[in-house]
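K.L.:
Residue numbers (our numbering), protein chains in the order written: chain A, 257 to 431; chain B, 257 to 431.
Number of protein chains: 2
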Amino acid sequence: MVVPTSYGFDEATLYLHGSVASRSLQGGQAPVCVTITLVDGLVLARSVFEHAVNYRSAMIYGAPRPVTDRDEKLRGLRLLSEHLAPGQWDYARQPSRKELAKTTLLAIALDEASVKVRAGPPDDADSPDAALGLWAGELPLVSTWGRPVPDPALPPGTAVPPHVAARAGTTAFCP
Amino acid sequence: MVVPTSYGFDEATLYLHGSVASRSLQGGQAPVCVTITLVDGLVLARSVFEHAVNYRSAMIYGAPRPVTDRDEKLRGLRLLSEHLAPGQWDYARQPSRKELAKTTLLAIALDEASVKVRAGPPDDADSPDAALGLWAGELPLVSTWGRPVPDPALPPGTAVPPHVAARAGTTAFCP
Chain A
257 MVVPTSYGFD EATLYLHGSV ASRSLQGGQA PVCVTITLVD GLVLARSVFE
307 HAVNYRSAMI YGAPRPVTDR DEKLRGLRLL SEHLAPGQWD YARQPSRKEL
357 AKTTLLAIAL DEASVKVRAG PPDDADSPDA ALGLWAGELP LVSTWGRPVP
407 DPALPPGTAV PPHVAARAGT TAFCP
Chain B
257 MVVPTSYGFD EATLYLHGSV ASRSLQGGQA PVCVTITLVD GLVLARSVFE
307 HAVNYRSAMI YGAPRPVTDR DEKLRGLRLL SEHLAPGQWD YARQPSRKEL
357 AKTTLLAIAL DEASVKVRAG PPDDADSPDA ALGLWAGELP LVSTWGRPVP
407 DPALPPGTAV PPHVAARAGT TAFCP
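1) With a threshold of 8 Å between beta carbons, is L390 of chain B in contact with chain C?
2) To which residues of the same chain is R403 of chain B closer than 7 Å at the C-beta, ignoring the five residues directly before and after it?
3) Taking just the CA atoms, how far does S337 of chain B sit from T324 of chain B?
4) Return helix, strand or coil for W345 of chain A, following the three-state DSSP convention.
5) Could you check whether the segment 261-269 of chain B touches the segment 328-336 of chain B, counting it as contact only if at least three pairs of C-beta atoms, one from each stretch, sit closer than 8 Å?
6) Nearest CA to the CA of L281 of chain A: which residue from A:A369, A:S383 and A:T359?
7) Which residue marks the beginning of the beta strand (DSSP E) containing P396 of chain A, and which one marks its end?
8) What is the DSSP secondary structure of V276 of chain B, reduced to helix, strand or coil?
9) Thinking just about the alpha-carbon of each residue, which of A:H307, A:V295, A:R321 and A:N310 is nearest to the one in L366 of chain A?
10) So what's L390 of chain A in DSSP terms, helix, strand or just coil?
11) Check whether the Cβ atoms of H419 of chain B and Y347 of chain B lie closer than 8 Å to each other.
12) What separation, rounded to the nearest whole angstrom, lies between the Cα atoms of A409 of chain A and G376 of chain B?
13) Please report how far the alpha carbon of V416 of chain A lies from the alpha carbon of A341 of chain A, in whole angstroms.
14) Please tell me whether P342 of chain A has its Cβ less than 8 Å away from any Cβ of chain B.
15) Apart from the five residues just before and just after D385 of chain A, which ones in its own chain have a Cβ nearer than 6 Å to its Cβ?
16) Under a Cβ-count criterion, where at least 16 other Cβ atoms within 10 Å of its own Cβ denotes burial, should K329 of chain B be classed as buried or exposed?
17) Hey, quick one: how far does the alpha helix (DSSP H) through E355 of chain B stretch, first residue to last?
18) Compute the Euclidean distance between the alpha carbons of T291 of chain A and I316 of chain A, then round it to the nearest angstrom.
19) Could you tell me the boundaries of the beta strand (DSSP E) in which E368 of chain B lies?
20) Using a 10 Å radius around the Cβ and a threshold of 16 neighbouring Cβ atoms, would you call Q344 of chain A buried or exposed?
21) For G297 of chain B and P406 of chain B, which I take to be in contact (beta-carbon distance under 8 Å), what is that distance rounded to the nearest angstrom?
22) Given this structure, state the Cα-to-Cα distance separating T426 of chain B from K354 of chain A, to the nearest angstrom.
23) Counting contacts by CB-CB distance shorter than 8 Å, is E267 of chain B in contact with chain A?
24) Answer with yes or no whether the minimum CB distance from P412 of chain A to chain B is below 8 Å.
25) Identify the residues that DSSP records as bridge partners of C289 of chain A: which are they?
26) Would you mind telling me which residues of chain B sit closer than 9 Å to G402 of chain A, beta carbon to beta carbon, in chain order?
27) Nearest to A369 of chain B by CA position, among B:R279, B:A277, B:P260 and B:C289, is which residue?
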């Protein structure tokens, strides 16, 4: 089973979270593989065979440890929240005791990981296919934060906070 | 083990490919889970607890069947290529017999899948948190194809083919 999820991290630990009711978080300490991939573009080669994707990818292996200590739980959830939406932890209402109890936080030590990166042009510039005279290169894929869309239920005139407004138009997932 | 990979599909079948030497494709007919996720934006709620991600996700379960028939292999690879880079299959040099032999193509029947989607504003408009007067809404994430970057090894003046040039500036992964 492979489940999409968000994450946070510090130098030593990866944090994942979810509902206490979530089936995918109930594996206890069974080993998992967490894979994070950013696609940077398509590599368009002279031959179909040499086509590729430019990407940055990490595979992290470990046995998740459920975090029960309240301070570590708050810290891990803050890391997760700030990784996705910097500034929101201090702007929004922070978790209540009840909400914390409903949330499972898993910690995975960043001890065993495999990192793969591909960047740059296709690999067939020196092949006989170069004589075909075809165009070859990279088609970049760029992820950008759009304009904030207000909740239709908001009272008119509620200002977009600066930490959210400032992200609009910026590139996500920079190296 | 969770491995990032590209894919192609038709109404009934998902196709994955890789090198014959690839360890991750050598599981034979052992069941796999293929998960595809597109992130559409962040859901910024009034409380940290109600924060979420807007996304479209499919989890496909099945036992991969190695494709050995030459016609099906070419058809599956073409689907995969055209899904990523429409027009390249006919523009670039198509696979030779040797290249086909070096490529593993796996077919997974699209019989068992789970699809999840979240869209729209946060869920706490009707909660007591609405009285906090905080901004809430969605921060969209938009993926766009950039300008084609020519292989530095190309002879000057090699024209970008129209099917590649036409993608620049267009949004990827539209619904």
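For every residue, glycine included, the Cβ atom is placed at its ideal position computed from N, Cα and C.
P.N.:
With the structure as the only source:
1) Among the protein chains of the structure shown, namely A and B, there is no chain C.
2) As a first step, residue 403 of chain B is located in the second sequence; it is residue number 147 there, counting from the start. Sequence-distant partners of R403 of chain B (beyond 5 residues in either direction) whose C-beta falls short of 7 Å from its own C-beta, in its chain, are A424.
3) Along the second sequence, read from residue 1 onward, the residue named residue 324 of chain B stands at position 68. Along the second sequence, read from residue 1 onward, the residue named residue 337 of chain B stands at position 81. Approximately 18 Å between the Cα atoms of the pair.
4) To locate residue 345 of chain A, count along the first sequence from 1; it is residue 89. It is helical.
5) yes
6) Here residue 281 of chain A corresponds to residue number 25 of the first sequence, with the count starting at 1. With distances taken between Cα atoms, L281 of chain A lies closest to A:T359.
7) Counting from one through the first sequence, the residue named residue 396 of chain A turns up at place 140. Where P396 of chain A is concerned, the enclosing beta strand (DSSP E) stretches over G393 to W401.
8) As a working mapping, residue 276 of chain B is identified with position 20 in the second sequence. In the structure shown, V276 of chain B sits in coil (DSSP, three-state: anything other than H, G, I, E or B).
9) As a position in the first sequence, residue 366 of chain A is number 110, starting the count at 1. Nearest of A:H307, A:V295, A:R321 and A:N310 to L366 of chain A, Cα basis: A:R321.
10) Working through the first sequence from its first residue, we reach residue 390 of chain A at position 134. Coil.
11) The residue you call residue 419 of chain B lines up with position 163 of the second sequence. The residue you call residue 347 of chain B lines up with position 91 of the second sequence. Yes. Within cutoff.
12) Counting from 1 along the first sequence, the entry for residue 409 of chain A is found at position 153. Counting from 1 along the second sequence, the entry for residue 376 of chain B is found at position 120. Spanning the two alpha carbons is a distance of roughly 12 Å.
13) Here residue 416 of chain A is taken as the residue at index 160 of the first sequence, counted from 1. Here residue 341 of chain A is taken as the residue at index 85 of the first sequence, counted from 1. Answer to the nearest angstrom: the Cα atoms are 14 Å apart.
14) For the purposes of this step, residue 342 of chain A is taken as residue 86 along the first sequence, with counting starting at 1. Not an interface residue.
15) Sequence index remark: in the first sequence, residue 385 of chain A carries index 129 (1-based). Contacts found: R302 and S303.
16) Numbered from 1 along the second sequence, position 73 holds the residue referred to as residue 329 of chain B. Flag for K329 of chain B reads buried.
17) As a first step, residue 355 of chain B is located in the second sequence; it is residue number 99 there, counting from the start. It spans R353 to A357 - the alpha helix (DSSP H) in which E355 of chain B sits, taken as one unbroken run.
18) For the purposes of this step, residue 291 of chain A is taken as residue 35 along the first sequence, with counting starting at 1. For the purposes of this step, residue 316 of chain A is taken as residue 60 along the first sequence, with counting starting at 1. Cα to Cα, T291 of chain A sits roughly 6 Å from I316 of chain A.
19) What you label residue 368 of chain B is simply residue 112 of the second sequence in a count that begins at 1. First-last of the beta strand (DSSP E) with E368 of chain B: E368 to R374.
20) Position 88 of the first sequence, counted from the first residue, corresponds to residue 344 of chain A. With 16 or more Cβ atoms within 10 Å of its Cβ, Q344 of chain A is classed as buried.
21) Mapped onto the second sequence, residue 297 of chain B falls at position 41. Mapped onto the second sequence, residue 406 of chain B falls at position 150. Cβ atoms of G297 of chain B and P406 of chain B stay farther apart than 8 Å, at about 33 Å.
22) Sequence index remark: in the second sequence, residue 426 of chain B carries index 170 (1-based). Sequence index remark: in the first sequence, residue 354 of chain A carries index 98 (1-based). Approximately 45 Å, taken between the alpha carbons.
23) Within the second sequence, the letter at position 11 stands for residue 267 of chain B. No, E267 of chain B does not count as interfacial toward chain A.
24) Reading the first sequence from its first residue, position 156 is the one you call residue 412 of chain A. No, its Cβ sits nowhere closer than 8 Å to a Cβ of chain B.
25) On the first sequence, residue 289 of chain A is found 33 positions in, with the first residue counted as 1. Under DSSP, C289 of chain A shares a beta bridge with A:Y317.
26) Here residue 402 of chain A refers to the residue found at position 146 when the first sequence is read from its first residue. Result: G297, E394, L395, P396, L397 and V398.
27) Position 113 of the second sequence, counting from 1, holds the residue named residue 369 of chain B. Nearest option by C-alpha distance: B:C289.
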